[in-house]
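Trainee: Just dropping this structure here.
In the numbering used here, the protein residues as written are 162 to 273.
What follows is the structure in structure tokens.
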């Protein structure tokens, strides 16, 4: 199945782009993590976290920020995110910026 918007009401949060799949989705807190969002959108991802193999879901973070809940025992290297336990941070009010700080772009959606 090709990647698609998740079922249900569209999110109203920050935009998440799965770069390799070319899919951009507004975040919704009904998803517990970026991995849950990717699953809901049928974006192909690598993971074994749910079976106890940590860091398999490590994905390049091309732009934006993530926060972790829970915090990983071992954080990923700079420029990477563990999508099983990460999500976009809450929106912040800020002055003018050149790029949209609400937009997180990760490279998930690899083509097998």
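Think of the CB as a built atom: it goes at the ideal place given N, C-alpha and C, for glycine as much as any other residue. None of the values given here were measured: they were computed from a predicted structure.
To the nearest whole angstrom, what separates the beta carbons of residue 245 and residue 208, a pair I think is in contact under 8 Å?
Mentor: At roughly 6 Å, the Cβ-Cβ gap stays under 8 Å, so residue 245 and residue 208 are in contact.
Trainee: Are residue 219 and residue 237 touching if we call contact CB-CB under 8 Å?
Mentor: For residue 219 and residue 237, yes; Cβs fall inside 8 Å.
Trainee: Kindly list the residues whose CB is nearer than 7 Å to the CB of residue 167, restricted to its own chain and excluding five residues on each side of it in sequence; keep chain order.
Mentor: Result list for residue 167: 186, 198, 201, 202, in chain order.
Trainee: Hey, would you say residue 182 sits closer than 8 Å to residue 171, going by beta carbons?
Mentor: No. Outside cutoff.
Trainee: Pick out whichever of 180, 190, 162, 169 has its Cα sitting closest to the Cα of residue 251.
Mentor: Ranking the options by Cα distance to residue 251, first place goes to 190.
Trainee: What number of angstroms, rounded off, separates the C-alpha of residue 215 from the C-alpha of residue 229?
Mentor: If I take the Cα positions, the gap works out to 14 Å.
Trainee: Looking at the structure shown, is residue 195 part of a helix, part of a strand, or coil, going by DSSP?
Mentor: Residue 195: helix per DSSP, three-state reduction.
Trainee: Using a Cβ-Cβ distance under 8 Å, would residue 172 count as near chain C?
Mentor: Among the chains of the structure shown, chain C does not appear; only one protein chain is present.
Trainee: So, helix, strand or coil for residue 163, using DSSP?
Mentor: DSSP places residue 163 in coil when its eight states are reduced to three.
Trainee: What residue from 194, 223, 221 has the CA that sits closest to residue 210's CA?
Mentor: Closest by alpha carbon: 194.
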